[in-house]
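Enquirer: Line by line, the protein sequences are chains W and V.
Going by the working numbering, the first residue of the first sequence is number 722, and it counts up by one from there.
Going by the working numbering, the first residue of the second sequence is number 268, and it counts up by one from there.
All C-beta atoms in this analysis are idealised placements derived from N, C-alpha and C, irrespective of residue type, glycine included.
Quick one: structure below, then a few questions.
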Amino acid sequence: MPLSRQINGMVKKYLTLGVVLLAFGQGLHQAWQRPDPAFGFRMPVIDPPVAQPVAAPQPPVRKKGRHRSRRAEQPNIANGRYISHLASSRLHAQTHASSLIELKDGRIRAFWFSGSREGAADVTINNAVFDPAQGVWSAEQVVASRGSTQRALHRYVAKLGNPVVGRTADGSLYLFYVTVSLGGWAGSSITLMKSVDEGESWSPPRRLITSPFINISTLVKSAPYLYADGTMGLPVYHEFVSKFAEMLHLDAAGNVIDKQRLARAGQGTLQPVVLVRNPQEALVLTRYSGKDNPHLARSLTTEDGGQHWSAVERSSFPNPDAALSATVLPDGRLLAALNHQEQGRDSLSLMLSADAGRNWKELHRLEEMRVVRDKNLDEPQCLHIVQGLLQNSDARLAKAPAATLDEYVDSAKARVRGDGGCGFEFSYPYLIQARNGDFHLTYTWNRVFIKHVTFDQIWLNRHLKKGANATRH
Amino acid sequence: MQLDTDLTGLFGVTLVVVTLLVRVPRLRALPLPKRAAWLAAMIIVLSIPLWGVSPAGFVRGITGDLSIAALVLLVLALVRSLTGRALVEEQNRNAMLRAILIAGLLFYPLALGLGVFDPYRLGYGNLWFMMVLFGLAAWSSLRYSILLALCIASAVAAWSVGWYESANLWDYLLDPWLAIYALAVEMKLLFARWKGRVHA
C-alpha cells in the first residue's frame, strides 16, 4: 500500500477517534449529571375517619318498589352511605376503561374512552366531574380525540384507548392515554397531557417513548404512584409477542428515566396495580392472561421501595383475564374491586385482605348476573332486567320519564343483546379513597355506561363486621 | 409541546423518502438544478398537513423515529446518489451493518420480553453501558469500522442534546428498520459469496 494511503488511513482513524472522544465526553457528562432514579414510596394522605355520633337504631326502610340506590341516598348514620350513579351520559356509544382522581376541592373527576365501538376512529377520551355535595355528575366532555392527538404529536394515530389520571408531586394532573398507530392494542404507545388547573384545560399531548421496537406495545390501565423524591411510578404492561407487566419511572417533567420489567414473557401478567403499604413495601396485583388453571390473579412484592421486585406468584383469588383495582386502607388492609370468578365478567365484588394480600374475602357483591347466563331469556325478559339494573344504578333514572329510561335501555341493548342472548359485563374497576375517607369506584357497565359507586367508611366497616365470618379463599 | 423533537423525527422520515426518490432512474437522469427542484417540491409535499397530519407524519406514525445510525447511512446514500462518490468504502459499511445485525439479534429478543433482563433499561444513562460503548467505539475507530465508530459517536452526541423525544440511548443507536436492512444486506452478501463459490 502506498505511504500516502497509509497516512490517509491513519489520519481518518485518529480523526474518528477524536470525534468519539468528543461525543463521549459530552455523553458521559450528561449521564453523570442525570440523577439516579430514587426509590422508596411517598404515602398518600387520607384523613382519619371522623368520629360518628352514636345513632339511635332506626327502623329499616321497607317500602315496596323502592330501589336500593334511592334507599341508600337517605342519610343513615348507622348503616353508612352507599350510592350509585351513571357517570357517563352519552347514549348509543361504547364506553370503557374509566379512571378517577380527587380534585383539590374534593370533587371527583373521571375519565374514560367512548365511541361507536372499541378501537373505532371516532373514540374520544371523555371526562366528567362528580360533586359529592350535590351527588351529581356533570355532562361529559371530550378531552382528547384522535384528530387532536395526531395533530399535536405530528404523526398518524389510528385509535385511542385507556386513559389513566394521576397527580404529580407539584399538584398538577397527568393524563396518560393509549394511542395506536399500527395494528391492534399490542401496537399501543402512551401519550401524556398535563393540567395545572385540575383538569379544566390540558397541555398539548406528547408521546412517551418506552419501547425500542417502533415504540409499540406499552399500555396503561392502573393508577400511578409517587416515589419519595416526587418522581412518579406508572404501572404499565407489554402485549406485543408476549404479555408482561412493567414499571415506568417518570421525572418531575414527565420524562421517562427508568423502566423495570416486573415479569418475564409468558407469565401472562397484565395491568399491574401497585398497592403501596409503607415507604418500603408494596404489593402488585395483576390480571392474568395465561393458560394455567386455576385461572388466578398474579402478585409480586417489593421490600426496598420498588428497587427490586420478587418473583411472580399466584394470588389466592380467581381472575377471568380481567382488570382489577385496589387501594390500601389507612390501617394497612387492602380493599379490591374485581371479577371474583374464573370466567366471564358478569359479576363484580369488593374484596378485602387483612394480611398484605395473602388471603382475600369477599365483602360485598356489587353486581351479580351469573344467574341469567344459561336462562335463554328472550328480548323482553332481558330488557326488563336491564331496565331494573339501570334504575338501581342511578336514582335519576328511577324517577325519569319512561321515554328517557327507554333510551337508556335501548343503548344498553346493543351490547347486552349483542350476541342474541342476555350477556352482562361489569369490568375495568377503578377504586380510589378520597381524602375525607370516602371511596369512589367506577367500572364499565356492559360497555355502554360508566357506573360510579361511592360508599363511606361506616358502610365499609358495617360490611367488614358482617363479613367477619366470610369464607377465606 | 415538543416541536424540536417532532421536527427531527419528521426530518428522518423525509430523508428516507428523498433518498429513495433520488435513486429513481428518471429523476437521476435530470440535470442537478432540475433534480434539486424536484426534491424541494417533494419535501414541501411531504410537509403539508393533509387531514391534520402531513404525509411525513403519517409515515412517522407507522415507522417511529429512525435511529441516528440509520440517518448517517441515509445521508451517505444521498451524497452517493447526488455526487456519484462514496464517502465510505463498501467493506467499512458492511462491517458496520454486520455489527448492527449482531446487536439487533441480541437486543430485540431480550427487549421484547425474553427473560428477566431488559437491556433497554441500560439506555437511560447507565454509566457502565456508556463505558462499554465508548470502548467499542474507540476500538472500532482504530481496528474495525470507522463508520460504526462515527455512528455510535453521533448517536451518543444526539442523545446527550435530546435530539429525539426518547431519553433512551438505544433509540439513537438502533431501530428495527435498520436491523432488518442489515439482515437483508448480510443475506445478500452471503448469497453472492455462495453464488461465487458455485460458479468458481
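(1) Out of curiosity, what's the CA-to-CA distance linking Arg791 (chain W) and Ala799 (chain W)?
(2) In the DSSP assignment, what residue or residues form a beta bridge with Ala831 (chain W)?
(3) Please classify Ile447 (chain V): is it buried, with 16 or more other beta-carbons within 10 angstroms of its beta-carbon, or exposed?
(4) Short of 7 Å in beta carbon distance, which residues of its chain neighbour Ala1077 (chain W), apart from the five on each side in sequence? Order them along the chain.
(5) Check the Cβ of Trp437 (chain V) against every Cβ in chain W and list those closer than 7 Å, keeping chain order.
(6) Taking the straight line between their C-alpha atoms, what separation do you get for Asp843 (chain W) and Val863 (chain W)?
(7) On the CB-based measure, 16 or more other CB atoms within 10 Å of its CB, does Gly892 (chain W) come out buried or exposed?
(8) Give the interface partners of His813 (chain W) over in chain B, defined as CB-CB distance under 9 Å, in chain order.
(9) Going by other Cβ atoms of all chains shown within 10 Å of its Cβ, with 16 needed for buried, is Asp385 (chain V) buried or exposed?
(10) How do the region 1026-1033 of chain W and the region 1047-1054 of chain W stand: do at least 3 beta-carbon pairs fall below 8 Å, yes or no?
(11) By the three-class DSSP mapping on this structure, what secondary structure does Val291 (chain V) have?
(12) Check the DSSP bridge columns for Gly1011 (chain W) and list the partner residues they point to.
(13) In angstroms, rounded to a whole number, what distance separates the CA positions of Leu343 (chain V) and Glu357 (chain V)?
(14) Contact criterion: CB-CB distance below 8 Å. Does Thr330 (chain V) meet it with respect to chain W?
(15) Tell me the rounded alpha-carbon separation between Arg295 (chain V) and Arg302 (chain V).
(16) Kindly confirm or deny that the region 919-926 of chain W and the region 1132-1150 of chain W touch, where touching means at least three C-beta pairs closer than 8 Å.
(17) Out of W:Leu1056, W:His806, W:Leu1073, W:Arg1156, which has the shortest C-alpha to C-alpha gap to Ser1112 (chain W)?
(18) From the DSSP output, which residues share a beta bridge with Ala910 (chain W)?
(19) Have a look at the DSSP bridge pairing and note the partners of Tyr895 (chain W).
(20) Determine, for Phe401 (chain V), whether the minimum Cβ-Cβ distance to residues of chain W falls below 8 Å.
(21) In the DSSP assignment, find the unbroken beta strand (DSSP E) run with Gly954 (chain W) in it and report its ends.
(22) Find the residues of chain V that neighbour Ser902 (chain W), judging by a C-beta separation of less than 7 Å, and give them in chain order.
(23) The beta strand (DSSP E) that contains Trp1166 (chain W), what's its start and end?
(24) 8 Å is my cut-off, CB to CB: does Ala752 (chain W) come that close to chain V?
(25) Can you give me the start and stop residues for the beta strand (DSSP E) that Phe965 (chain W) sits inside?
(26) Identify the continuous beta strand (DSSP E) that holds Ala1018 (chain W) and give its terminal residues.
(27) Using DSSP bridges, identify the partner residues of Asp468 (chain V).
(28) Does any C-beta atom of chain W lie closer than 8 Å to the C-beta of Met397 (chain V)?
(29) Give me, in chain order, the residues of the same chain whose beta-carbon lies closer than 8 Å to that of Arg460 (chain V); leave out the 5 immediate sequence neighbours on both sides.
(30) Which residues in chain W sit within 8 Å of Gly319 (chain V), going by Cβ to Cβ distance?
(31) By how many angstroms is the C-alpha of Arg928 (chain W) removed from the C-alpha of Gln871 (chain W)?
(32) Determine whether the Cβ of Ala449 (chain V) lies closer than 8 Å to any Cβ atom of chain W.
(33) Check whether chain W comes within 8 Å of Gly382 (chain V), counting only Cβ atoms and requiring the distance to be less than that.
(34) Quick check on Ile311 (chain V): buried or exposed, where buried means 16 or more other Cβ atoms within 10 Å of its Cβ?
(35) Compute the Euclidean distance between the alpha carbons of Leu1185 (chain W) and Ile804 (chain W), then round it to the nearest angstrom.
(36) Looking only at DSSP bridge pairs, what is His1085 (chain W) linked to?
Expert: In terms of the structure at hand:
(1) Note that Arg791 (chain W) has pLDDT 42, beneath the 50 cutoff, so the model's placement of it is unreliable and the number below is only indicative. Arg791 (chain W) and Ala799 (chain W): Cα-Cα distance of roughly 17 Å.
(2) W:Leu821, W:Ala849
(3) exposed
(4) Arg998, Leu1004
(5) Pro933
(6) 11 Å
(7) exposed
(8) Among the chains of the structure shown, chain B does not appear; the protein chains present are W and V.
(9) buried
(10) no
(11) coil
(12) According to DSSP, which records beta bridges pairwise, Gly1011 (chain W) is partnered with nothing at all.
(13) 11 Å
(14) yes
(15) 7 Å
(16) no
(17) Per the sequence shown, the amino acid found at residue 1112 (chain W) is Gln instead of Ser. Among W:Leu1056, W:His806, W:Leu1073, W:Arg1156, the Cα nearest to that of Gln1112 (chain W) belongs to W:His806.
(18) Here residue 910 (chain W) is Ser; the residue named in the question, Ala, does not match the sequence. Note: Ser910 (chain W) sits in a beta bridge opposite W:Thr900.
(19) W:Gly887, W:Lys915
(20) yes
(21) 953-959
(22) Gly328, Ile329
(23) 1160-1166
(24) yes
(25) 965-971
(26) 1017-1023
(27) Residue 468 (chain V) lies beyond the residue range present for chain V, which begins at 268 and ends at 467; the question has no answer from this structure.
(28) yes
(29) none
(30) Gly868, Gln871, Arg872
(31) 10 Å
(32) no
(33) yes
(34) exposed
(35) 18 Å
(36) W:Leu1071
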